[in-house]
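If you read the sequence shown in our numbering, its first letter stands for residue 1, the second for the next number, and so on.
Every residue, glycine too, gets a C-beta built ideally from N, C-alpha and C.
I have placed the structure first, in the form of structure tokens, so that the comments after it can refer back to it.
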Amino acid sequence: MSRFLSAALCALFVCSVCSTEASAAGNATKGKAVYDANCTACHTAGIGGAPKLGDKVAWKPRIKQGEAVLVTHTIKGWKTPGSTGMAMIPKAGKPNLTDAQIADAVALMVKSSK
Ligand code: HEC
């Protein structure tokens, strides 16, 4: 039982570290794994008009909005007005991703694309 308790406390601690980080900018290093598992399918090849990782021209106007806006668009979904491409679907269709994981992946994209 005490082992369970300490495991629970440990999880709580890790969780509070996560949420502290979520309110700040994401962590690009941690975002690599999130990107590779959930974002690369569209953002590496530019499927459906997705801005490609590392494409500075495509990312410039998006990055201008600020990283917080990009994170919100990734969580809630986003379609550029007038775009004939696909929309960014909420959380890339993976509702189990945490907001912090999304912020980390966005941080990686921004860092690699400016
Ligand atoms: C099924 C394809 C697909 C997947 C998977 C996907 N995206 Fe996207 N994403 C898009 C498309 C298409 C757009 C362009 C939408 C537009 O601007 O109309 C986009 C746009 C974006 C933008 C720019 C939003 C803006 O405000 O300009 C961000 C940031 C982004 N995606 C992050 C992510 C992250 C992070 C992941 C992984 C967790 C991810 N995407 C996974 C298709 C995808």
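VAL57 beta carbon near the ligand HEC (any heavy atom closer than 7 Å): It does not: the Cβ of VAL57 is nowhere closer than 7 Å to a heavy atom of the ligand HEC.
Beta-carbon spacing of CYS42, ALA105 below 8 Å: Between CYS42 and ALA105, the gap from beta carbon to beta carbon reaches 8 Å or more.
Under 8 Å between C-beta atoms of LEU108 and LYS52: The criterion of a C-beta distance shorter than 8 Å is not satisfied by LEU108 and LYS52.
Cβ-heavy atom distance, ALA92 to the ligand HEC, below 7 Å: Correct: ALA92 has its Cβ closer than 7 Å to the ligand HEC.
Short Cβ contact (8 Å threshold) for LYS76 with PRO90: It is a contact, given that the beta carbons lie within the stated cut-off.
Bounding residues of the alpha helix (DSSP H) (the contiguous stretch that carries GLN65): Here GLN65 belongs to no alpha helix (DSSP H), and DSSP marks it neither H nor E.
Per-residue burial, SER83 [other beta carbons within 10 Å of its own, 16 or more giving buried]: Burial is judged here by how many other beta carbons sit within 10 angstroms of a residue's own beta carbon; SER83 has fewer than 16 and is exposed.
Bounding residues of the alpha helix (DSSP H) (the contiguous stretch that carries ALA41): Start and end: 40 to 43.
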